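Below: one structure, written as structure tokens.
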Amino acid sequence: MSDFELLDPSGAPVGDGDDLTDGLNPAQKRAVTARGQALLIVAGAGSGKTRVLTHRIASLIRAREAWPSQILAITFTNKAAAEMRERIEGLLGASAQGMWVSTFHSACVRILRREAERFGYGSGFTIYDSADSRALLKRIIKDLDADSYGFTPANAGAKISRLKNELSDAEAYTATMNASDPRERLFGEIFRTYDAELRRAHAFDFDDLIGQTVHLFRAHPDVAAVYQRRFRHVLVDEYQDTNHSQYALIRELTKPVAPVDAERLVPPVRAAEVDGTGSIPGASLTVVGDSDQSIYAFRGADIRNIVEFERDFPGAEVVKLEQNYRSTQNILSAANAVIGNNFDRQEKSLWTSEGDGKRIVGFTGYSQHDEARFVAEEIEELHRSGLAYSDIAVFYRTNSQTRALEELLIRSAVPYRVLGGTKFYERAEIKDAMSYLTSIANPYDPISWSRLLGVPKRGIGPMAEAHLANFQEAQGISFHEAMLRAGELTFGPKVRSAITGLGDLLGRAARMAAGGGATDDSGTEKRPAPVGDLLKLILDETGMVERLREKRDPQDEARAENLEELVSVAREFDAKNPEAGLVEFLTEVSLVAAADDLDDASGTVSLMTLHTAKGLEYPAVFITGVEEGLLPHQMSVDEVGGISEERRLMYVGITRARQQLFITLASTRAQFGDISVAMPSRFLQEIPEHLIEWRQSPGEVTGRGGTESRALNAPRSGARPARGGASSTNSSVTFGSGGGRGSAAIAEPASGNMQSALDKWRERKRLAKEQQAAGGGFPNLVGGNVRDNGDLELAPGDRISHEDYGEGRVTGVTGVGSKRIAHAVFESVGERKLLVKLAPITKHD
DNA sequence: TGAGTCGGCTTTTTT
DNA sequence: AGCCGACTCA
1 MSDFELLDPS GAPVGDGDDL TDGLNPAQKR AVTARGQALL IVAGAGSGKT RVLTHRIASL
61 IRAREAWPSQ ILAITFTNKA AAEMRERIEG LLGASAQGMW VSTFHSACVR ILRREAERFG
121 YGSGFTIYDS ADSRALLKRI IKDLDADSYG FTPANAGAKI SRLKNELSDA EAYTATMNAS
181 DPRERLFGEI FRTYDAELRR AHAFDFDDLI GQTVHLFRAH PDVAAVYQRR FRHVLVDEYQ
241 DTNHSQYALI RELTKPVAPV DAERLVPPVR AAEVDGTGSI PGASLTVVGD SDQSIYAFRG
301 ADIRNIVEFE RDFPGAEVVK LEQNYRSTQN ILSAANAVIG NNFDRQEKSL WTSEGDGKRI
361 VGFTGYSQHD EARFVAEEIE ELHRSGLAYS DIAVFYRTNS QTRALEELLI RSAVPYRVLG
421 GTKFYERAEI KDAMSYLTSI ANPYDPISWS RLLGVPKRGI GPMAEAHLAN FQEAQGISFH
481 EAMLRAGELT FGPKVRSAIT GLGDLLGRAA RMAAGGGATD DSGTEKRPAP VGDLLKLILD
541 ETGMVERLRE KRDPQDEARA ENLEELVSVA REFDAKNPEA GLVEFLTEVS LVAAADDLDD
601 ASGTVSLMTL HTAKGLEYPA VFITGVEEGL LPHQMSVDEV GGISEERRLM YVGITRARQQ
661 LFITLASTRA QFGDISVAMP SRFLQEIPEH LIEWRQSPGE VTGRGGTESR ALNAPRSGAR
721 PARGGASSTN SSVTFGSGGG RGSAAIAEPA SGNMQSALDK WRERKRLAKE QQAAGGGFPN
781 LVGGNVRDNG DLELAPGDRI SHEDYGEGRV TGVTGVGSKR IAHAVFESVG ERKLLVKLAP
841 ITKHD
């Protein structure tokens, strides 16, 4: 039973009577049971690909075709990885110990830390996130005076990233560039310096994690052989979003091991592992993807990886999953219609046997606030009809759109959370605290060191920093050592003691982290200190939290709370990973994705970008800001293939919805401080009109600035028959792409009366200007001054007056302090929940 | 050296 | 409108 030697590659037949294939459709069954070197599973949205993938892995293990440790499964986010592992363990009824289920980045970090001595880093090397890279580039660009040539940290970073994703490096770039172009020469210099600085700091950026692993494998066949031998089955999810370096990594991992390398492996290879020539055959590869959901071209994802899979891996089998188990037919028809406008795709059409379901609800607001108000009201309506808040999600194209949405959700007392966006770990105070931990793990890293010098303020400025950095480089010592030896430099007594004191603190913390006795209590144990203790030591000794508290600014108060939350995050990590240490903590923090902190049990509405939404599903979905310039985004319009990618983004958004889909837009939108007129998105026009029930169509919002009361603009369903959608809407939605600079990507149906649309657009723009000039802005502009009702006391029975809803009666009050919520019934709109502090209400005496 | 003010720029999406 | 960075003053 437990005899490893009996492992037979051909395996026991899986299939008949196997519960791993029960209830699967024929295509899914094939995807689970197919065996061979290469398998491509083309999985449309909602076609059960996670199920197929987990069952495939479980069947490999259960049939004894593979041990868990021979499986490498790559997912897009850490959350998806955790979920997949859990589901596999559920199927096997046992732990899947030794199985690698992780993201590309996590898997590569794991390999790189193991093999760190091969490239001269310690295993505690630092991972630079985009902000760190930008900080480094900023310094380099300044040093090289490259800003006058138009280089910015952002554009240089993007270019470096693109090159690294192609497995290029500074040397290769310099060799192939046009050397007579000073701009190119300068960029080569930036690139070279950037990489040199990374090396000096013992650091990798995100792209290096993949690229350096590939280089490691290519430079050291013996190292590659270890992993090629170990992973017999490689499975990759979201294959359409892989870039070139990830593709190369997969190729390396699935190569056979040549006899010369196989011979040197430890432990020695067994006869069963090699073929007749003494080679270990390449691992089997399974990739899952959907080219219609490729939305990461901007970071190097190459759709050709999936489109040309069969050419890359001759003899590959292809299985197509087209039956959808997630959405209603109406939603799928809309999705099919939209994506059908992408001309260069493989034909594929989603279908369901579940019936049409409800129609898609459309709404056009007069402003983004009006739009947000509709979203908030509909969410409440859904909630009243029995849907949990956690079953509802709101999507948008750009993070900046959250402002208006959040404001209205707060006012309506709808519990929500924003996924992604300004992430916890991107907050300044968190980065400050983390810079101490990073520096403790890697005392050669200048970025974290430079950051911690200045926070909290202790009189060490740029001058002192520069002197220390020169000293550090000249002596070839760590930054911590350089600080301890500050006496050898010409500093004033005050600055010197600040520097040595800080150096001492870092040294003590580093010894604790390494397991040495930093404090001289009985500690004979050589155990690394818990991360929580290290962090607490730093925060206590630097007084960072108290300093924030002293300022008595509510924002600083929030920052202090964030730091305390960081301590509890660290403690949680310690408890969950008793064997892990500081480096593991830092790795986890660097690689968490936006969707990773998604807590499904939280009972809140989820707000996120369309990108973050990929891979998720919700019973009710709102797609907001469906306007030209936003979706498709202005930036993408002139890019080759840009519109196609935006359309896929729309497609991804639509296909997240299970039962109810809402599509909203606004006719004006404020950006960069002033208000501009927004046109409905071309994608809106691509959805067959009979699928949409307009509560307020774009046509109705055209022309007039919206003088009616907001509450009356959006009567509940039924009050307004949905005739608006058919005629008026679609004629007014027709328009050109604005400037009409026809890039290759734009193959839009040039239907209809462009001229009249243009006229309407001009007219609206004029009206918008006038209204703005007339003062007070738009009547529908909710934003701006946040009101504060202070300690307004309300009790059941009180009569109140609401700016939008009119007269009403309080039926109850829940919550405490600033989160007090009044439940009220209004004559015009019925039941509503209001945040007492912020709602536009007055109480009648 | 550090605090405060003014001006320019921003918004695409993320591991 | 808001954030960051450069510049100015104490």
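So the first sequence is numbered by UniProt numbering: it starts at 1 and just counts up by one. The beta carbon of each residue, even a glycine, is placed where N, CA and C say it ideally should be. Nothing here was measured: the structure is a model prediction, and the numbers come from that model.
Next item on the list: Kindly list the residues whose CB is nearer than 6 Å to the CB of R326, restricted to its own chain and excluding five residues on each side of it in sequence; keep chain order.
Entry: As a position in the first sequence, residue 326 is number 326, starting the count at 1. Result list for R326: G46, E617 and R658, in chain order.
Note to self: Taking the straight line between their C-alpha atoms, what separation do you get for E322 and S349?
What the structure shows: Here residue 322 corresponds to residue number 322 of the first sequence, with the count starting at 1. Here residue 349 corresponds to residue number 349 of the first sequence, with the count starting at 1. Going from the Cα of E322 to the Cα of S349 covers about 7 Å.
Check: Sorted by chain position, which residues of the same chain lie with C-beta nearer than 8 Å to G278's C-beta, five sequence neighbours on each side aside?
Finding: Taking the first sequence and counting its residues from 1, one reaches residue 278 at position 278. For G278, where only same-chain residues beyond five positions count, the Cβ hits under 8 Å are P259, A262 and E263.
Check: Excluding the five sequence neighbours on either side, which residues of its own chain have a C-beta within less than 8 Å of the C-beta of D798, listed in chain order?
Finding: Sequence index remark: in the first sequence, residue 798 carries index 798 (1-based). Closer than 8 Å at the Cβ level, and outside the excluded window around D798, lie R809, V810, K843 and H844.
Check: So, are the CB atoms of F231 and A224 less than 8 Å apart?
Finding: Sequence index remark: in the first sequence, residue 231 carries index 231 (1-based). Sequence index remark: in the first sequence, residue 224 carries index 224 (1-based). It is not a contact, given that the beta carbons lie outside the stated cut-off.
Check: So what does DSSP say about G503, is it helix, strand or coil?
Finding: The residue you call residue 503 lines up with position 503 of the first sequence. If DSSP states are grouped into helix, strand and coil, G503 belongs with the helices.
Margin query: Could you tell me the alpha carbon to alpha carbon distance between K576 and R527, rounded to whole angstroms?
Written below: Reading the first sequence from its first residue, position 576 is the one you call residue 576. Reading the first sequence from its first residue, position 527 is the one you call residue 527. Distance between the alpha carbons of K576 and R527: 16 Å.
Margin query: So, for L591: in the same chain, excluding its five sequence neighbours on each side, which residues have a beta-carbon less than 6 Å away from its beta-carbon?
Written below: Counting from one through the first sequence, the residue named residue 591 turns up at place 591. Excluding positions up to five away in sequence, the list reads H105 and S106.
Checklist line | alpha helix (DSSP H) segment containing R51, residue limits | finding: Looking up residue 51 in the first sequence gives position 51. K49 to R62 is the span of the alpha helix (DSSP H), which, as asked, contains R51.
Checklist line | Of the residues G211, E273, A82 and A219, the one placed nearest E65, counting alpha carbons only | finding: Position 65 of the first sequence, counted from the start, is the residue given in the question as residue 65. It is E273.
Next item on the list: Enumerate in chain order the residues of its own chain whose CB-to-CB distance from G703 is below 6 Å, with the five nearest sequence positions on each side excluded.
Entry: Locating residue 703 in the first sequence gives position 703, counting from the first residue. Note on G703: pLDDT 49, under 50, position unreliable in the model; the coordinate value appears next. There are no such residues.
Check: Less than 8 Å separating the beta-carbons of L235 and I339?
Finding: The count along the first sequence starts at 1 and reaches residue 235 at position 235. The count along the first sequence starts at 1 and reaches residue 339 at position 339. Contact: no.
Notebook entry, point to check: Using a Cβ-Cβ cut-off of 6 Å (strictly less than) and excluding sequence neighbours within five positions of D205, which residues of its own chain qualify?
Noted result: Counting from 1 along the first sequence, the entry for residue 205 is found at position 205. Once the five neighbours on either side are set aside, the close Cβ partners of D205 are Y128 and S133.
Margin query: For the pair the stretch 354–366 and the stretch 681–700, tell me if three or more CB-CB distances fall below 8 Å.
Written below: yes
Next item on the list: Between the Cα of R547 and those of A466, A482 and K457, spot the shortest distance and give me the residue it belongs to.
Entry: Here residue 547 corresponds to residue number 547 of the first sequence, with the count starting at 1. If we check each option's Cα against that of R547, K457 comes out closest.
Notebook entry, point to check: Near V621, what residues of its chain come up, given a Cβ to Cβ distance below 6 Å and the 5 sequence neighbours on each side ignored?
Noted result: The residue you call residue 621 lines up with position 621 of the first sequence. Result list for V621: A393, R656, A657 and L661, in chain order.
Check: Just how far apart, CA to CA, sit Q293 and V652?
Finding: Counting from 1 along the first sequence, the entry for residue 293 is found at position 293. Counting from 1 along the first sequence, the entry for residue 652 is found at position 652. Approximately 6 Å between the Cα atoms of the pair.
Check: Helix, strand or coil: how does DSSP classify V375 here?
Finding: By 1-based counting over the first sequence, the position of residue 375 is 375. Residue state, collapsed to three classes: helix.
Check: Smallest Cα separation from T490: which of A82, R427 and F471?
Finding: Locating residue 490 in the first sequence gives position 490, counting from the first residue. Per the Cα distances, F471.
Check: Hey, how far is the Cα of N342 from the Cα of L137?
Finding: Residue numbering aside, residue 342 sits at position 342 when the first sequence is read from its first letter. Residue numbering aside, residue 137 sits at position 137 when the first sequence is read from its first letter. Whole-angstrom Cα-Cα distance: 38 Å.
Next item on the list: Might you give, ordered along the chain, the residues of its own chain that have their beta carbon closer than 7 Å to the beta carbon of A570, omitting 5 neighbours on each side?
Entry: By 1-based counting over the first sequence, the position of residue 570 is 570. Here the set comprises V531, G532, L535 and F585.
Check: With respect to the alpha helix (DSSP H) encompassing T176, which residues constitute its N-terminal and C-terminal limits?
Finding: By one-based count along the first sequence, residue 176 stands at place 176. A170 to T176 is the extent of the alpha helix (DSSP H) around T176.
Next item on the list: Tell me whether W351 is buried or exposed, calling it buried when 16 or more other Cβ atoms sit within 10 Å of its Cβ.
Entry: Residue 351 sits at position 351 when you count from the first residue of the first sequence. Exposed.
Notebook entry, point to check: For V269, which option in Q696, A666 and R229 has the closest C-alpha, if you only look at C-alpha atoms?
Noted result: The residue you call residue 269 lines up with position 269 of the first sequence. Checked all of Q696, A666 and R229; the closest Cα to V269 is R229.
Next item on the list: State the DSSP-derived secondary structure class of N78, mapped to helix, strand or coil.
Entry: Translated into the one-based positions of the first sequence, residue 78 becomes position 78. Note: N78 maps to helix in three-state DSSP.
Next item on the list: Determine the contact status of residue 847 and A372, defining contact as a CB-CB distance below 8 Å.
Entry: This structure gives no information on residue 847, because the portion of the chain shown stretches from 1 to 845.
Notebook entry, point to check: Which class does H202 belong to by DSSP, given the choice of helix, strand or coil?
Noted result: Walking along the first sequence from the start, residue 202 turns up at place 202. If DSSP states are grouped into helix, strand and coil, H202 belongs with coil.
Next item on the list: Compute the distance between the beta-carbons of A529 and A510, then report whether it is under 8 Å.
Entry: Against the first sequence, residue 529 aligns to sequence position 529. Against the first sequence, residue 510 aligns to sequence position 510. No, the pair does not count as a contact, with Cβ atoms beyond the cut-off.
Checklist line | the stretch 194–203 in contact with the stretch 431–449 per 3-pair CB rule at 8 Å | finding: yes
Checklist line | Three-state secondary structure (DSSP) of R397 | finding: By one-based count along the first sequence, residue 397 stands at place 397. R397: coil per DSSP, three-state reduction.
Notebook entry, point to check: Using 8 Å as the threshold, is the stretch 179–196 in touch with the stretch 413–428, meaning 3 or more CB pairs across them?
Noted result: no
Next item on the list: Evaluate the contact criterion for the stretch 208–215 versus the stretch 153–168: three or more CB pairs, one atom per stretch, below 8 Å.
Entry: yes
Checklist line | Within 8 Å, strictly: CB atoms of A678 and A670 | finding: Sequence index remark: in the first sequence, residue 678 carries index 678 (1-based). Sequence index remark: in the first sequence, residue 670 carries index 670 (1-based). Not in contact: A678 and A670 (Cβ atoms no closer than 8 Å).
Next item on the list: Helix, strand or coil for A146, going by three-state DSSP, please let me know.
Entry: Position 146 of the first sequence holds residue 146. Helix, per DSSP.
Item checked: DSSP state of M608 mapped onto helix, strand, coil -> For this step, residue 608 is matched to residue 608 along the first sequence. The answer is strand: DSSP assigns M608 an E or B state.
Margin query: If the criterion is Cβ atoms closer than 8 Å, does the pair V307 and S284 meet it?
Written below: Translated into positions along the first sequence, residue 307 becomes position 307. Translated into positions along the first sequence, residue 284 becomes position 284. Taking 8 Å as the Cβ cut-off, V307 and S284 do not qualify as a contacting pair.
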